[in-house]
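Peer 1:
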Amino acid sequence: MLLAFCLVSSATMVLNSTVNTAQSTWPEALCAKAKKANQTRSEVVPNQVSDQQGRGSDIYALILRSADPKELTQAQEEMLRQYHAGFARDIKRAEALIDQGSSAEGRLLLEGRLAAFPWEGLTAIRLADAHFQLEQNQAAYDLLAPRATSYAAEGLLLRASLAAARRGEVYPGQRQYCLDRILPQDWAEMKGALLESSVPSENTPRSVELLSSLAIALSESSVREPHVLYHLANVLRIDPTNPLASWRIGDIHLRNRRYADAARSYERAQSRARGPMVTIVKRQLEIAKYLRDN
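Per my numbering, the very first residue in the sequence shown carries number 633; after that it's consecutive.
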């Protein structure tokens with residue numbers, strides 16, 4: 633059932649440009665704007681999976697029923713097994729293509745899958761990654777904004793925030809949403825000092841773009857190194873000495889035995905480190921220098 637929940641992402645729509653001070657808040661405001669824009673263009677955008685036809689809707693119905701396995705026949709269980717196997721295979725293949733620099737090929741694979749199963753949240757997330765790496769920011773926005781509902785996956789909403797910020801759109805609650813996801817809960821005591829040196833105080837599209845990429849990279853730091861590096865590099869493009877991003881890049885270099893690169897990243901982080909980060913970065917820098925020189 634957990635897998636089913638992770639797979640299903642809504643397809644509802646979204647709002648107005650630049651910093652938006654309307655009453656509705658993140659992420660519903662973005663979704664409302666996209667919905668209005670699609671209605672203006674007279675485009676038909678499915679609001680629920682029931683709008684889908686054929687194989688996709690059949691599979692979705694089975695996923696909903698799979699909460700109680702007794703509801704499924706043996707043939708239906710096999711159909712679901714094949715669906716989940718195909719999902720895992722296609723996502724893994726697309727991720728490999730994107731991470732190896734073949735983002736266009738990965739994008740085509742994901743677009744085909746999303747056309748068949750438009751409610752797959754993770755497929756939409758990975759397709760957005762491909763669009764971002766190909767600098768197709770409008771395509772990423774068009775993909776994510778209609779899906780930016782309050783019950784969408786965190787990874788999807790953070791990417792929707794990035795896409796909106798790159799279009800100059802900022803919504804009430806958007807900045808705070810990203811801030812709340814930059815560091816894990818068990819870092820609560822350290823969070824204030826860490827964020828003070830790394831997070832811009834302005835609520836502008838550029839600062840929210842930085843926050844969105846930083847939140848994506850830090851919340852997903854245990855997986856898909858090239859994808860994490862893309863978002864950390866985006867943070868450093870906006871803020872070249874950002875200490876949190878530099879620290880995380882240093883950790884990645886250290887893990888991959890690129891000790892000189894790790895030392896440079898830690899030195900960059902050290903220049904603006906505050907609070908507990910000072911001690912942590914100093915220790916990591918000493919390790920990187922020792923391994924580099926020996």
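Here a beta-carbon is modelled for each residue, glycine too, at the ideal position from N, C-alpha and C.
What's the C-alpha gap between F749 and D925?
Peer 2: About 52 Å.
Peer 1: Considering Cα atoms alone, identify which of S839, N670, R791 and P837 is closest to A849.
Peer 2: Measuring from the Cα of A849, the nearest candidate turns out to be R791.
Peer 1: Are there three or more Cβ pairs, one per stretch, closer than 8 Å when the region 717-731 is compared with the region 745-761?
Peer 2: Result yes; three or more Cβ-Cβ pairs closer than 8 Å.
Peer 1: Given that a residue counts as buried once 16 or more other Cβ atoms are within 10 Å of its Cβ, and exposed if not, what is N945?
Peer 2: Examination of residue 945 is not possible in this model, given that the chain is present from 633 through 926 alone.
Peer 1: Would you kindly work out how many angstroms separate the C-alpha atoms of P659 and A717, rounded to a whole number?
Peer 2: For P659 and A717, the distance between alpha carbons rounds to 32 Å.
Peer 1: Excluding five sequence neighbours on each side, which residues of the same chain lie with their C-beta closer than 8 Å to the C-beta of R906?
Peer 2: So the qualifying residues of the chain are A825, L826, E828, S829 and P875.
Peer 1: For a test of the three-state rule: what should DSSP assign to Q732, helix, strand or coil?
Peer 2: Residue state, collapsed to three classes: coil.
Peer 1: I need the straight-line Cα distance from D784 to S903, nearest angstrom please.
Peer 2: It is worth fixing the name first, because residue 784 is Ala in this sequence and not Asp. Cα to Cα, A784 sits roughly 38 Å from S903.
Peer 1: Taking one C-beta from the region 788-805 and one from the region 764-773 each time, how about it: are there three or more such pairs within less than 8 Å?
Peer 2: Output reads yes: the region 764-773 touches the region 788-805.
Peer 1: Mind pulling the beta strand (DSSP E) runs of 3 or more residues that sit fully within the region 870-903?
Peer 2: Those beta strand (DSSP E) runs which fall completely within the region 870-903 and span 3+ residues do not exist here.
Peer 1: Tell me where the alpha helix (DSSP H) around P908 begins and ends.
Peer 2: Per DSSP, P908 belongs to the alpha helix (DSSP H) from P908 to D925.
Peer 1: Do you know how far the Cα of S853 is from the Cα of V860?
Peer 2: V860 and S853: Cα-Cα distance of roughly 6 Å.
Peer 1: If you reduce the DSSP assignment to three classes, tell me which class L747 lands in.
Peer 2: In the sequence on display, residue 747 carries Ala and not Leu. Helix, per DSSP.
Peer 1: Count the other CB atoms, across all protein chains shown, that sit within 10 Å of the CB of A895; report buried if there are 16 or more and exposed otherwise.
Peer 2: Buried, by the Cβ-count rule.
Peer 1: Is it buried or exposed for G753, if we count other Cβ within 10 angstroms and need 16 for buried?
Peer 2: Under this definition G753 is a buried residue.
Peer 1: Under three-state DSSP, which class holds Y862?
Peer 2: Looking at Y862 - three-state DSSP - the assignment turns out to be helix.
Peer 1: Can you give me the Cβ contacts of L776 inside the same chain, cut-off strictly under 6 Å, excluding the 5 residues immediately before and after it?
Peer 2: Answer for L776: A760, R791, A792 and A795, listed in chain order.
Peer 1: State the DSSP-derived secondary structure class of P659, mapped to helix, strand or coil.
Peer 2: In the structure shown, P659 sits in coil (DSSP, three-state: anything other than H, G, I, E or B).
Peer 1: Label L635 either buried or exposed according to how many other C-beta atoms from any shown protein chain fall within 10 Å of its C-beta, with 16 as the threshold for buried.
Peer 2: Note that L635 scores 46 on pLDDT, short of 50, meaning its location in the model is unreliable; the coordinates nonetheless yield the value given after this. So L635 ends up on the exposed side.
Peer 1: Within the continuous alpha helix (DSSP H) that includes R813, where are the two ends?
Peer 2: No alpha helix (DSSP H) contains R813, which DSSP labels as neither H nor E.
Peer 1: Which same chain residues, not among the five before or five after V910, have their C-beta less than 8 Å away from its C-beta?
Peer 2: Correct list, in chain order: Q902.
Peer 1: What's the C-alpha gap between S839 and E801?
Peer 2: Near 11 Å, if we compare the C-alpha coordinates of E801 and S839.
Peer 1: Output the boundary residues of the alpha helix (DSSP H) element that contains S839.
Peer 2: Note, S839: alpha helix (DSSP H), P837 to S851.
Peer 1: Indicate whether I757 and G787 have their beta-carbon atoms separated by less than 9 Å.
Peer 2: Result yes, Cβ atoms of I757 and G787 sit closer than 9 Å.
Peer 1: Apart from the five residues just before and just after Q916, which ones in its own chain have a Cβ nearer than 8 Å to its Cβ?
Peer 2: Only W879, G882, D883, L886, A894 and Y898 meet the Cβ criterion.
Peer 1: The alpha helix (DSSP H) with L775 in it runs from where to where?
Peer 2: Where L775 is concerned, the enclosing alpha helix (DSSP H) stretches over N769 to L776.
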